[in-house]
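Here's the structure we're looking at; comments come further down.
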Amino acid sequence: MDISTLFFLLCLLQALSLSASSKTFDTLIGTSLSVEKPSDKLVSANGEFSAGFYPVGDNAFCFAIWMTKPSVPTVVWIANRDDPVDGKGSKLSVLKDGKLHLTDSAGSVVWKTKTEALTTSEASNLQLQLMNTGNLVLYNFSSVAIWQSFDSSTDTLLPQQLLTFGTSLISNRGQGVHSSGYYKLFFDEDNALHLLFQGPKLSSLYWPDPSLEDISDAGISIYNTSRAALLDDSGYFWSSDFLKFYATDFGTVTQRRLTLDPDGNLRLYSLQEMNGIWDWVVTWQAISDPCRIHGICGPNGVCTYDHVSGRRCFCLQGFKMKDHSDWSSGCEPEFSISCNHRDESTFIQLAHVEYYGSDIDFLQNLTFQDCQEECLNRCNCKGFQYRFSLKDGGYDCYPKSRLLNGLRSPNFAGDLYLRVPKAGISNHKLPDEEFRLQCSSIVSKQERSTYENKTVKLLLWFATAVGGVEVSCIVLVWFFLLKTSKRPDSTAQGYLGLTTKFKRFTFNELRKATRGFKEVIGQGAGGIVYKGVLSDQRVAAIKRLNEANQGEAEFLAEVNTIGMLNHMYLIEMWGYCVEGKHKLLVYEYMEHGSLVENLSSNSLDWKKRFEIAVGAAKGLAYLHEECLEWVLHCDIKPQNILLNADFQPKVADFGLSKLQSRSKIDHSSFSRMRGTRGYMAPEWVYNLPITSKVDVYSYGIVLLEMVTGKSPNVMHTADNGEIREHKRLVMLVRENVNIGTTTKKSWIEEIIDPMLTNNYDKAKMELLVKVALQCIAEDKDERPTMTQVIEMLMNHED
Ligand SMILES: *[C@@H]1O[C@H](CO)[C@@H](O)[C@H](O)[C@H]1NC(C)=O
Ligand SMILES: *[C@@H]1O[C@H](CO)[C@@H](O)[C@H](O)[C@H]1NC(C)=O
Ligand SMILES: *[C@@H]1O[C@H](CO)[C@@H](O)[C@H](O)[C@H]1NC(C)=O
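Just so we're aligned: 405 in the UniProt record's numbering is position 405 of the sequence shown, and the numbers increase by one with no gaps anywhere.
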């Protein structure tokens, strides 16, 4: 019997679940699996796993275990990931001493099991079996496991596979590149699980958040020395350092894997079926703000992240990308500073830029001048971080020897001062767009203290975007911009250009901008809105708040938070003014005013209406979910959806109804009814807990209004109060949908805005109504989230 038949029989027997009886094979010694025979592989009894030679490149193979289910196999374990063998003559053999050997065509051993050598008699009757769990086990005649693949790991931990002090996960180098990457999950000396960036030249821990003074603030215990972690089949992960989390689909029986992805994030996946296609879905991830992962943009690089464009890297001015195919090499300076001439260098301020680590020193309560001196006096100082410290009420100074783990986020309340030669470097302005940034890092600051098992909300995005987002062509365009805007100019100008747009205005400035508050363009929650032209010629909408009872400190705190919420479907706040009793907010001006005016003036065709529905949903999803439900709008209505020159919608007036951290939602603080009659969810009326679903409800009413052209409030026939009024719009729609097609017209024709005069995409408008009806379900739990709304609307588009 030749070897391949032997293995064929072995596989067959396993497939027949007769694994125990496969001991009928006298011995495996001298047998081997050959790279040249695709049939030379082991398959688990349940058919879910295969083990054999897996192609990793041109004429390059690894001995691997993979999951068979999705059409593209998922590799979960590799024997020789950094040392592939060629496609001729390579084989995996069982030797006389009972060890597995992987040899290449030249016969040299590229991998072998590190078990104790067995005597020939002990080594006879060995059996290699791929278990249903994905564990490849070498058993001896008494069914004792001599070796198993679960004792070592690659980038993936499977359910029932113990992660211990001795094992670790190391990411792949890239998507589909199976060699060892730069990220590692392991139990450190402190008994806690950590994520480590282990670059070619340097390494640093980035999870749990290294800026925590005490790891126990993250709920981590360092006292259990057993150092073990396990994922079970139902999606529960547990570790001896007290880290615990559940998959979002906890309890479902499906295949799962915990993988340290090439981007440095640890994600739990489960195999789910959608429309007959099996695919991996993320059901938990360790880090919500991908810029918090170290090493992402390399030395001197800066990471930015937002929901729309994903994660991006760029180089600071005066730097260029080192390796155009790989951000992990970062950026290199195009200038040099000689040490003897300290007077030849100066500093450029980079607002909201943070570089983590590599501090030469940490100096508390220092003036800016002194901090600058500290850096100038040190030859290796590349710049310094200067930030206000709430704790000691002064500014802290961190001179840096290297610029690593860079990120820019408006939520980072400090600046970086980059040391550059006085003679000048390339001078450019960072595009405004770069300042549109994440509010997820507000959260990551707030929630640093907990493992972020709440982040699964974002995962849908990640699941689709994980590979593609990081280095987009935007970076190249960026780079191009940097190069072309190079001017041998003084650095002072660059300094100005870099100050952020969000600013505090004086009352006089705004009085001038509005020419004495002449042109009223609206009246929103809590104040009157005027049109104004700022000193830099930008047209602005300036809202003068009614004499609020809110204190100045509270106002400032809120304004700063709102100012950080930047998203293409949210109105942008440019600044504010607080002077005595005057409190004003400065927003971008929206040429086309609000949705309500546009609906009544019939300036919106069905296409625009649909796009507005999608855009408004995206803005709200950002508020609810990107910010991890930090912000509830509480007053969604057509008056608060504004349209710019291109009819792109932007949600306005958010955040004024008090920002609430999800954990801190205290129903009593919401006791005052908010919102506008007609759009208010039943929770307000029945005094039920207020969640983001109140916005979903109001959004649903807005959708109905967009389709029917009927306002819930115009419908009212007097006496019985607001709830009944808008029920009538809702009832009108529900009745028609339920009746379905009448003799002549379909239901959509019955309710559609007559202004659309049969000029519309029926399917799209019907979709809007269907989504709207889900949004206005009486029971808040039956309403979709805004992200689900977007999905429903977008899926239809394809
Ligand atoms: C199998 O391995 C166990 C543990 O090493 C040993 O005690 C036992 O004798 C072995 N059985 C055979 C048949 O070699
Ligand atoms: C320490 O971890 C082990 C598992 O590795 C667990 O069985 C044990 O209960 C833990 N000890 C304490 C005190 O929590
Ligand atoms: C910070 O320094 C200033 C001037 O050097 C001093 O007046 C102030 O008390 C210091 N503050 C703290 C908290 O040390």
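For each residue, glycine too, the CB sits at the ideal point set by N, CA and C. This one's a predicted model, so the numbers in the text were calculated from it and none came from an experiment.
Residue i and residue j closer than 8 Å at C-beta
{"i": "G295", "j": "C315", "result": "no"}
{"i": "W327", "j": "C297", "result": "yes"}
{"i": "E588", "j": "E572", "result": "yes"}
{"i": "M755", "j": "N598", "result": "no"}
{"i": "S143", "j": "D155", "result": "no"}
{"i": "W147", "j": "L138", "result": "yes"}
{"i": "S179", "j": "D104", "result": "no"}
{"i": "S153", "j": "L136", "result": "no"}
{"i": "N365", "j": "Y386", "result": "no"}
Exposed unless 16 or more other CB atoms sit within 10 angstroms - verdict on residue i
{"i": "E519", "result": "exposed"}
{"i": "E213", "result": "exposed"}
{"i": "I739", "result": "exposed"}
{"i": "Q161", "result": "buried"}
{"i": "T787", "result": "buried"}
{"i": "K201", "result": "exposed"}
{"i": "E552", "result": "exposed"}
{"i": "F647", "result": "buried"}
{"i": "A645", "result": "exposed"}
{"i": "R257", "result": "buried"}
{"i": "Q317", "result": "buried"}
{"i": "S345", "result": "buried"}
{"i": "W515", "result": "Looking at the sequence shown, residue 515 is not Trp but Arg. It counts as exposed."}
Pairwise C-alpha distance: residue j and residue i
{"i": "R267", "j": "C634", "result": "33 Å"}
{"i": "Y398", "j": "R408", "result": "17 Å"}
{"i": "R311", "j": "Y305", "result": "4 Å"}
{"i": "R609", "j": "V769", "result": "12 Å"}
{"i": "K41", "j": "A51", "result": "5 Å"}
{"i": "E354", "j": "Y417", "result": "10 Å"}
{"i": "P84", "j": "G181", "result": "15 Å"}
{"i": "L793", "j": "V614", "result": "7 Å"}
{"i": "K764", "j": "H796", "result": "8 Å"}
{"i": "G47", "j": "N132", "result": "8 Å"}
{"i": "F197", "j": "G264", "result": "8 Å"}
{"i": "E122", "j": "N140", "result": "7 Å"}
{"i": "L632", "j": "M706", "result": "22 Å"}
{"i": "F237", "j": "I360", "result": "39 Å"}
{"i": "P784", "j": "R173", "result": "38 Å"}
{"i": "P55", "j": "F654", "result": "53 Å"}
{"i": "K322", "j": "G134", "result": "41 Å"}
{"i": "V410", "j": "H352", "result": "Residue identity check: residue 410 is Pro in the sequence provided, not Val. Their Cα atoms are separated by approximately 5 Å."}
{"i": "L271", "j": "Q285", "result": "15 Å"}
{"i": "S288", "j": "T167", "result": "25 Å"}
{"i": "L350", "j": "A413", "result": "12 Å"}
{"i": "S661", "j": "K422", "result": "Bear in mind that the predicted position of S661 carries a pLDDT of just 33, short of 50, making it unreliable; the figure below should be weighed with that in mind. When rounded, the distance between both Cα atoms is 46 Å."}
{"i": "residue 799", "j": "Q129", "result": "Because the chain spans 1 through 798 in this model, residue 799 falls outside it and cannot be assessed."}
{"i": "G593", "j": "G406", "result": "39 Å"}
Whole-number beta carbon distance between residue j and residue i, since they are thought to touch under 8 Å
{"i": "S226", "j": "S240", "result": "5 Å"}
{"i": "Y699", "j": "A616", "result": "7 Å"}
{"i": "L33", "j": "L92", "result": "5 Å"}
{"i": "V733", "j": "L767", "result": "Not confirmed; about 14 Å, so no contact."}
{"i": "F319", "j": "E332", "result": "6 Å"}
{"i": "G87", "j": "N59", "result": "5 Å"}
{"i": "G575", "j": "R504", "result": "6 Å"}
{"i": "F335", "j": "V420", "result": "6 Å"}
{"i": "Y697", "j": "I776", "result": "6 Å"}
{"i": "C371", "j": "F388", "result": "Their Cβ separation, rounded to whole angstroms, is 12 Å, which puts C371 and F388 out of contact at 8 Å."}
Sheet register partners of residue i (DSSP bridge)
{"i": "E588", "result": "A540"}
{"i": "Y576", "result": "R504 and L585"}
{"i": "residue 807", "result": "The structure shown does not extend to residue 807, since the chain is modelled only from 1 to 798, so the question has no answer here."}
{"i": "V43", "result": "S50"}
{"i": "W238", "result": "L230 and K244"}
{"i": "V533", "result": "V539"}
{"i": "R734", "result": "Beta-bridge pairing links R734 to no other residue."}
{"i": "R419", "result": "F347"}
{"i": "E354", "result": "L407"}
{"i": "Y395", "result": "F388"}
{"i": "V76", "result": "BP columns for V76 are empty, so no partner."}
With distances taken from each beta carbon to the nearest heavy atom of ligand 4, which residues come in below 6 Å, in chain order? Inclusion of ligand 4 in the displayed structure is not the case, the ligand content consisting of ligand 1, ligand 2 and ligand 3 alone.
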